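Asker: In this note's numbering, each residue's number is its place in the sequence shown (first place is 1) plus 128.
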Amino acid sequence: MRRYLQLPLIFNSTASRTYRDLPCQHRFCTNNQNVFQCRDDKCVYRIAYAGGSATAGVAAQDILQSTENDRILFYFGCSRDNQNFSTFESSGKGGGIIGLNMSPVSLLQQMNHITKNRFSYCLNLFDLSSPSHATSLLRFGNDIHQSRRKYLSTPFVSPRGMPNYFQNLIDVSVAGNRMQIPPGTFALKPDGTGGTIIDSGTAVTYVSQTAYFPVITVGIGRGSQRHPQCHTIKTTNQLCNPINPNCHTIKLTKETSN
């Protein structure tokens, strides 16, 4: 069992009179599309993320009480084994992960009578070197404030049976120039592979090789033209721009998705 230092109070399930382990017969544990699975007569889960972190534990239920004194039966994962959550481990200020996708077990869906399937947030800079961190607001449903500013937006695509937030990505621009990536590169395929999702909880960005290598090539070229004294190292997964005494400032090429 692997845990990390957690400064916020840890949930003590034994102190809750309404806490229960989720039985294997529950619909969340019998539906293979959900994260919970029955193993050795226990409803458990294990989730591995693309960045290398993983968490495992038991599925549970308890009662949440809202500010309006509503008592809500709530289902969640009670983690017993956590690996490679570097941000949590170094700061001790992380208390868990909230799921906000379209899965039936996500917080957004379980409380949709309150959330209206809508959420809004603006995340402040998370600086581990700072002794105190600014808080960020997460709003749901009717609590979301309508801004008077005009923003560019793009609709989400909702493939049947897929809980993530997909988008129709057409092309990539580097420094304002379209890369002319072959049509269909980012399209969702009939077998469920491919496609483009927006995931604010992922530490890294993955892109298909068809688009990756043209973007990397242009990025290296622009970096060499603008900062010949700041050499760029091409590695397997990323570009590295080492800073040396002759190069005090490195301006990154702006990259946008279309």
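We put the beta carbon where it would ideally sit given N, CA and C, even for glycine. The model shown is predicted, which means the values in this text are computed figures rather than measured ones.
Take Gln-337 as the anchor and find which of Gly-322, Asp-327, Gly-179 has the nearest alpha-carbon.
Answerer: Here the question's residue 337 lines up with position 209 in the sequence shown. If we check each option's Cα against that of Gln-337, Gly-322 comes out closest.
Asker: Roughly how many whole angstroms lie between the Cα atoms of Ser-141 and Tyr-147?
Answerer: Indexing the sequence shown from 1 puts residue 141 at position 13. Indexing the sequence shown from 1 puts residue 147 at position 19. Roughly 6 Å separates the two Cα atoms.
Asker: Once DSSP output is grouped into helix, strand and coil, what is the label at Arg-277?
Answerer: Locating residue 277 in the sequence shown gives position 149, where the first residue counts as 1. It is coil, neither helix nor strand.
Asker: Ignore the nearest five residues each way along the sequence and tell me which others in Gln-193's own chain have a CB closer than 6 Å to its CB.
Answerer: Counting from one through the sequence shown, the residue named residue 193 turns up at place 65. Excluding positions up to five away in sequence, the list reads Arg-199.
Asker: What's the call for Val-300, buried or exposed, on a 16-neighbour Cβ count within 10 Å?
Answerer: As a working mapping, residue 300 is identified with position 172 in the sequence shown. It is buried - the Cβ of Val-300 has at least 16 other Cβ atoms within 10 Å.
Asker: Assess contact between the region 203-214 and the region 178-191, defined as three or more Cβ pairs (one per stretch) separated by less than 8 Å. Is contact present?
Answerer: With a cut-off of 8 Å, the region 178-191 and the region 203-214 count as touching, because enough Cβ pairs lie within range.
Asker: Check Asp-209 in the structure and name its three-state DSSP category.
Answerer: Looking up residue 209 in the sequence shown gives position 81. Strand at Asp-209.
Asker: Suppose you measure from the CA of Ser-234 to the CA of Leu-316; what does that come to, to the nearest Å?
Answerer: Residue 234 sits at position 106 when you count from the first residue of the sequence shown. Residue 316 sits at position 188 when you count from the first residue of the sequence shown. Straight-line Cα distance between these residues: approximately 23 Å.
Asker: To which residues of the same chain is Ser-231 closer than 6 Å at the C-beta, ignoring the five residues directly before and after it?
Answerer: Translated into the one-based positions of the sequence shown, residue 231 becomes position 103. Cβ within range, chain order: Pro-291.
Asker: Rounded to whole angstroms, what is the Cα-Cα separation between Lys-170 and Arg-306?
Answerer: As a first step, residue 170 must be located in the sequence shown, where it is residue number 42. As a first step, residue 306 must be located in the sequence shown, where it is residue number 178. So the alpha carbons of these two residues sit roughly 52 Å apart.
Asker: Apply the 10 Å Cβ neighbour rule to Thr-282 and answer buried if 16 or more other Cβ atoms are within range, or exposed otherwise.
Answerer: Position 154 of the sequence shown holds residue 282. Looking at its Cβ environment, which holds fewer than 16 other Cβ atoms inside 10 Å, Thr-282 is exposed.
Asker: Expressed to the nearest angstrom, what Euclidean distance is found between the alpha-carbon atoms of Thr-195 and Gln-134?
Answerer: Here residue 195 is taken as the residue at index 67 of the sequence shown, counted from 1. Here residue 134 is taken as the residue at index 6 of the sequence shown, counted from 1. Straight-line Cα distance between these residues: approximately 26 Å.
Asker: If we count the other Cβ atoms within 10 Å of its Cβ and call it buried at 16 or more, is Gly-205 buried or exposed?
Answerer: Against the sequence shown, residue 205 aligns to sequence position 77. Answer is buried; the Cβ neighbour count reaches 16.
Asker: Using the rule of at least 16 other Cβ atoms within 10 Å of the residue's Cβ for burial, across every protein chain shown, is Gln-274 buried or exposed?
Answerer: Position 146 of the sequence shown holds residue 274. It is exposed - the Cβ of Gln-274 has fewer than 16 other Cβ atoms within 10 Å.
Asker: Rounded to whole angstroms, what's the CA-CA distance from Gly-347 to Ala-339? Just pull it up for me.
Answerer: Against the sequence shown, residue 347 aligns to sequence position 219. Against the sequence shown, residue 339 aligns to sequence position 211. Taking the straight line joining both Cα atoms gives about 12 Å.
Asker: Check whether the region 247-254 and the region 265-272 are in contact - that is, three or more C-beta pairs closer than 8 Å.
Answerer: As far as the Cβ criterion goes, the region 247-254 touches the region 265-272, which means the pair count is three or higher.
Asker: Counting only the same chain and skipping the five closest in sequence on each side, list residues whose C-beta sits under 7 Å from that of Thr-243.
Answerer: Translated into the one-based positions of the sequence shown, residue 243 becomes position 115. Leu-236, Phe-268, Gly-269, listed in sequence order.
Asker: According to DSSP, what are the bridge partners of Ala-143?
Answerer: Counting from 1 along the sequence shown, the entry for residue 143 is found at position 15. For Ala-143, which the question treats as bridged, DSSP gives no partner whatsoever.
Asker: Which value, in whole angstroms, describes the spacing of the CA atoms of Pro-311 and Pro-342?
Answerer: Translated into positions along the sequence shown, residue 311 becomes position 183. Translated into positions along the sequence shown, residue 342 becomes position 214. Taking the straight line from one Cα to the other gives about 14 Å.
Asker: Please confirm whether Ala-187 and Phe-139 have their CB atoms less than 8 Å apart.
Answerer: Position 59 of the sequence shown, counting from 1, holds the residue named residue 187. Position 11 of the sequence shown, counting from 1, holds the residue named residue 139. It is not a contact, given that the beta carbons lie outside the stated cut-off.
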